[in-house]
Ligand code: SAH
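In my numbering, the protein residues as written are 3 to 214.
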């Protein structure tokens, strides 16, 4: 199977598994996942699996990316904060669907590589920051949407504070082995939480990484 055929087959798998939003499916079709992973895994890039991206981190399974993106209920005009840039793939998907993406990563090396990919792909609506996602991005708050792609044990307070009114936050929450994607909706100063899907994510770690 060629890489193009594998990509189409993946989109069909996602559709069968219940991802029906055509905007999300076409974003997944447009963004070349092979540009975000080490060459060693090129053969497996369009399998519905998570893959390593360096520094012990992983790019999520396409189904989980599509599911969380759908859960975010993103709009064309949204300003979105992502925590955990990693490879940059999720940010690139979000960038197809909204006005601007702000993304924070604690590893400088991963962030640099992701920035190179955004440039190479002409994604000019992604803004990056090397920092600790537990602090969010106060200078740019409020955000209409927030997506967290590493798992904290509890929803970080700073992120709730930076969520705009009627904003939506989607995050994998919980200790290793018992995480679930939750969606939190802010209505005035109330936060309404739903539990959506059991998942396995790398932990959200406090502070900037000491390693490059
Ligand atoms: N969205 C990424 C997923 C990467 S895995 C992608 O599409 O590839 C999760 C990422 O979150 C890792 O790169 C990890 O370094 C980062 N991370 C973990 N804790 C963090 C924190 N406190 N602040 C910022 N990034 C964090």
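C-beta atoms are modelled at their ideal positions from N, C-alpha and C, and glycine is treated no differently.
Per DSSP, what are the beta-bridge partners of residue i in this structure?
i	result
residue 81	102
residue 138	None; residue 138 has no bridge partner.
residue 145	165
residue 208	According to DSSP, residue 208 bridges with nothing at all.
residue 132	107
residue 153	205
residue 172	149 and 185
Locate the beta strand (DSSP E) running through residue i, then write down its first and last residues.
i	result
residue 56	53 to 56
residue 200	192 to 201
residue 76	Neither: residue 76 is in no beta strand (DSSP E) and is coded neither H nor E.
residue 15	From DSSP, residue 15 is part of no beta strand (DSSP E) but of the alpha helix (DSSP H) over 5 to 18.
residue 60	59 to 61
residue 189	181 to 189
Please list the terminal residues of the continuous alpha helix (DSSP H) segment that includes residue i.
i	result
residue 121	110 to 122
residue 31	24 to 32
Below 8 Å on the Cβ atoms is my guess for residue i versus residue j; work out the distance and round it to an integer in Å.
i	j	result
residue 147	residue 201	About 19 Å; that fails the 8 Å criterion.
residue 1	residue 14	The shown model of the chain, from 3 to 214, leaves out residue 1, and the question about it has no answer.
residue 205	residue 153	6 Å
residue 95	residue 29	5 Å
residue 68	residue 125	In fact, because the Cβ distance is near 18 Å, the residues do not count as touching under 8 Å.
residue 110	residue 214	5 Å
residue 65	residue 19	6 Å
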